[in-house]
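Chains L and A, in that order, give the protein sequences. Last residue of the first sequence: number 417 in our numbering, and the count goes up by one each step with no gaps. Last residue of the second sequence: number 264 in our numbering, and the count goes up by one each step with no gaps. Yeah, the Cβ is synthetic: ideal placement off N, Cα and C, and Gly gets one too.
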Amino acid sequence: MVIIDALAFLGDTIYWKLSAEDLIKRMDKNGIDMAVATPPPPGPDYTEANKKVYEAVKRYPDRIVGFFRVNPQYREKALKEARAAVEEWGFKGFKLDPTNEAYGITSRVVEGVMELARELKVPVYFHTGDSIFSPPEGVGEVARLYPKVTVMMHSSGIHAAMSQQNIVLATGPLGGPRFLDAVSERFDPRRVVFSTCVPIGFPELELRIVELSTLSGENKHLIMGENIKRILGL
Amino acid sequence: MVVIDAHTHFAEKGKGSPPNTPEELVAAMDKLRIDAMITTPPYSSISFDRTYDDANTFIYEAMKKYPDRIFGYVRVNPHLRKNAIESAEKFMKMGFLGVKFHPRNEAVAANDPVLVFPVMEKVEKLGGCVLFHTGQPDTYGFAQPTLCGDVADSFPSVPIIIGHMGKGLFDDAILVAKWFDNIILETSFRTTHNIEKAVKIIGPERVVYGSDFYMGGPFGPEIEMMKVKLADISKREKEMILGDNINRILKMGVTSHFEED
């Protein structure tokens, strides 16, 4: 079974450090084949941090893919860089964090990024859940406005994802197997991808939770790697 | 090493998820290598039993069968006023370690001076502890950590356990624990990094392992234990959190039942 971690935070921050080599080591230790990497918070300017992810992808092209972290508060500069990131540097998606960058997810600054994602046919991963800036319902509203864009968020947004078919839920960090059990019972397993948020989350814990869940073998196969492969065209 | 799960639930068949007998509960503990659990009824008083008398008695019978493995928090319905005080007294005199309040499910603020404080006075007199369900956003107005801080301030000799470490309000829970020495933080549903932060700010002595078993499913205790074991803290600090702290604070006298790995 191919295991792909759909969200890892690669780079240095005031809070922690995770180099490409550290990430690869943790992936090897836990049997993870590939990871989607994005710069960690706090920013606000992610130009240099995105370059580090780009360099990591160049060094480990068969192990790491990049999601370009966009701070839409930089308006035209952000959009220009985001376009180049996909068209020239090989990034496979965008990562936005309205909480960290202090804008409402349904505010106008997000529109340009969503229009660009629609044009370039790349997914947008939104941080959600811990502030008024980016509640799961807000992610649901953005997904409704841009039905052709694949919108990704944490599994806590399952209710918003129920009615919006272009939302993909990333598992981690998980508190326990409950979400996966809910997927077994009532959610489309093709719209769920395994993620650890390493180094915030712990791959060994996330993998153990998947193991303890009631997911069928076929659904595990999809969630652990096949879905994100399909979504990113890997 | 002693492992004590400081926050679990247990009820008879039809009123709670399995395990539903003392034997099944002890078998589950053996499988999880847990020496003891402190348990309390799982449902809210509106469901089956307005007074919790039957539910508390069910746990008492289990405690009698396995006195070194099963311990109890009395569940009370604060709205019944006199009954809640009497129930706390009756069951604590029968060996329960303290009282569990679920402010959201009982629709009462954790620091309600009329409904909660009289029960607290009884707990204080009998030398027991109190476990509060806490969290956000589900319990806002009923059981955010600051309200538990008010209780801790008013009853400084009573150990006040903040269940789930405030969930999303974990920073508030840690600060309240920093301000009041009788606050204990219980780890269920929090992350490894939250546990590390709690240890860094208040020290390891007042952080205790809990799983909310069976609410977190059959594997909840293992997952919550793993979170403690993954923390970037010392081996000794992990042992304290997994069992020694609650054993010391509540004078439980639990000893290890399992060979060391």
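Return the CA-CA distance between residue 76 of chain A and residue 39 of chain A, expressed in angstroms with no decimal places.
Along the second sequence, one-based indexing puts residue 76 of chain A at 73. Along the second sequence, one-based indexing puts residue 39 of chain A at 36. Distance between the alpha carbons of residue 76 of chain A and residue 39 of chain A is about 13 Å.
Positions along the region 337-360 of chain L whose CB lies within less than 8 Å of some CB in chain A:
356, 358, 359, 360
DSSP on residue 310 of chain L, reduced to helix/strand/coil?
Start at 1 with the first residue of the first sequence, and residue 310 of chain L comes out as number 127. If DSSP states are grouped into helix, strand and coil, residue 310 of chain L belongs with coil.
To the nearest angstrom, how far is the alpha carbon of residue 218 of chain L from that of residue 84 of chain A?
In the first sequence, residue 218 of chain L corresponds to position 35, counting from 1. In the second sequence, residue 84 of chain A corresponds to position 81, counting from 1. Near 56 Å, if we compare the C-alpha coordinates of residue 84 of chain A and residue 218 of chain L.
Whole-angstrom distance between residue 187 of chain A and residue 88 of chain A, CA atom to CA atom:
Taking the first residue of the second sequence as position 1, residue 88 of chain A is located at position 85. Taking the first residue of the second sequence as position 1, residue 187 of chain A is located at position 184. If you take the alpha carbons of residue 88 of chain A and residue 187 of chain A, they lie about 23 Å apart.
For residue 201 of chain L, go through chain A and note every residue whose CB falls closer than 8 Å to its CB, in chain order.
Taking the first sequence and counting its residues from 1, the one referred to as residue 201 of chain L is at position 18. The premise fails here: residue 201 of chain L is roughly 14 Å from chain A at the closest Cβ pair, so nothing lies under 8 Å.
Would you mind stating whether residue 5 of chain A and residue 257 of chain A have Cβ atoms separated by less than 9 Å?
Along the second sequence, one-based indexing puts residue 5 of chain A at 2. Along the second sequence, one-based indexing puts residue 257 of chain A at 254. Their beta carbons are under 9 Å apart, which means residue 5 of chain A touches residue 257 of chain A by this criterion.
Tell me which same chain residues have a C-beta within less than 6 Å of the C-beta of residue 175 of chain L, skipping the five on either side of it?
No answer is possible for residue 175 of chain L: it lies beyond the span of chain L, which begins at 184 and ends at 417.
Please confirm whether residue 229 of chain A and residue 387 of chain L have their CB atoms less than 9 Å apart.
Here residue 229 of chain A refers to the residue found at position 226 when the second sequence is read from its first residue. Here residue 387 of chain L refers to the residue found at position 204 when the first sequence is read from its first residue. Yes. Within cutoff.
To the nearest whole angstrom, what separates the beta carbons of residue 306 of chain L and residue 335 of chain L, a pair I think is in contact under 8 Å?
Locating residue 306 of chain L in the first sequence gives position 123, counting from the first residue. Locating residue 335 of chain L in the first sequence gives position 152, counting from the first residue. With 8 Å as the limit, residue 306 of chain L and residue 335 of chain L qualify as a contact, their Cβ atoms being about 6 Å apart.
Please report how far the alpha carbon of residue 383 of chain L lies from the alpha carbon of residue 356 of chain L, in whole angstroms.
Counting from one through the first sequence, the residue named residue 383 of chain L turns up at place 200. Counting from one through the first sequence, the residue named residue 356 of chain L turns up at place 173. Approximately 8 Å between the Cα atoms of the pair.
Does the pairing of the region 198-207 of chain A with the region 9-22 of chain A give three or more beta-carbon distances under 8 Å?
no
Pick out whichever of A:193, A:165, A:22 has its Cα sitting closest to the Cα of residue 249 of chain A.
Residue numbering aside, residue 249 of chain A sits at position 246 when the second sequence is read from its first letter. Ranking A:193, A:165, A:22 by Cα distance to residue 249 of chain A puts A:165 first.
For residue 119 of chain A, tell me which candidate among A:102, A:233, A:191 has the shortest Cα-Cα distance.
As a working mapping, residue 119 of chain A is identified with position 116 in the second sequence. When each option's Cα is compared against that of residue 119 of chain A, the closest is A:102.
Is there at least one Cβ from chain A nearer than 9 Å to residue 315 of chain L's Cβ?
Within the first sequence, numbered from 1, the residue matching residue 315 of chain L stands at position 132. Answer no: the Cβ-Cβ gap between residue 315 of chain L and chain A never drops below 9 Å.
To which residues of the same chain is residue 265 of chain A closer than 7 Å at the C-beta, ignoring the five residues directly before and after it?
Absent from the structure is residue 265 of chain A, since the part of chain A shown begins at 4 and ends at 264.
So, helix, strand or coil for residue 12 of chain A, using DSSP?
As a working mapping, residue 12 of chain A is identified with position 9 in the second sequence. Residue 12 of chain A falls in the strand class under three-state DSSP.
Mind listing which residues of the region 373-395 of chain L have their C-beta closer than 8 Å to chain A's C-betas, in chain order?
383, 384, 385, 387, 388, 391, 392, 395
Against chain L: residues of the region 219-244 of chain A by CB proximity under 9 Å
219, 220, 221, 222, 223, 225, 226, 227, 229, 230, 233
Expected contact under 8 Å - CB spacing of residue 223 of chain L and residue 194 of chain L to nearest Å
Counted from its first residue, the first sequence places residue 223 of chain L at position 40. Counted from its first residue, the first sequence places residue 194 of chain L at position 11. Residue 223 of chain L to residue 194 of chain L, Cβ: 6 Å. Contact.
Closest to residue 64 of chain A by CA distance: which of A:34, A:25, A:44, A:41 is it?
Within the second sequence, numbered from 1, the residue matching residue 64 of chain A stands at position 61. Selected option, being the one with the closest Cα: A:25.
Nearest chain A C-beta to residue 364 of chain L closer than 9 Å, yes or no?
Here residue 364 of chain L refers to the residue found at position 181 when the first sequence is read from its first residue. Chain A contact via Cβ: present.
Note down the Cα distance separating residue 133 of chain A from residue 94 of chain A, rounded to an integer number of angstroms.
If you number the second sequence from 1, residue 133 of chain A lands on position 130. If you number the second sequence from 1, residue 94 of chain A lands on position 91. Each residue's alpha carbon lies about 13 Å from the other.
Can you check which of these residues, A:111, A:160, A:233, is closest to residue 126 of chain A by C-alpha distance?
Position 123 of the second sequence, counting from 1, holds the residue named residue 126 of chain A. Among A:111, A:160, A:233, the Cα nearest to that of residue 126 of chain A is on A:160.
Residue 99 of chain A by DSSP, collapsed to three states: which one?
Working through the second sequence from its first residue, we reach residue 99 of chain A at position 96. The answer is coil: DSSP assigns residue 99 of chain A none of H, G, I, E or B.
Quick one: Cα of residue 278 of chain L to Cα of residue 268 of chain L, how far?
Sequence index remark: in the first sequence, residue 278 of chain L carries index 95 (1-based). Sequence index remark: in the first sequence, residue 268 of chain L carries index 85 (1-based). Rounded to whole angstroms, residue 278 of chain L to residue 268 of chain L spans 12 Å at the Cα level.
In chain order, which continuous runs of the alpha helix (DSSP H) of length 4 or greater are located wholly inside the region 347-410 of chain L?
361-369, 386-395, 400-404
Give me the chain L residues within the contact set of residue 142 of chain A, using Cβ-Cβ distance strictly less than 9 Å, ordered along the chain.
Translated into the one-based positions of the second sequence, residue 142 of chain A becomes position 139. Going along chain L, no residue has its Cβ under 9 Å from residue 142 of chain A, so there is no contact; the nearest lies around 16 Å.
With distance defined between alpha-carbon atoms, name the residue in L:313, L:201, L:190, L:417 nearest to residue 252 of chain L.
Residue 252 of chain L sits at position 69 when you count from the first residue of the first sequence. Taking only the C-alpha atoms, the option nearest residue 252 of chain L is L:190.
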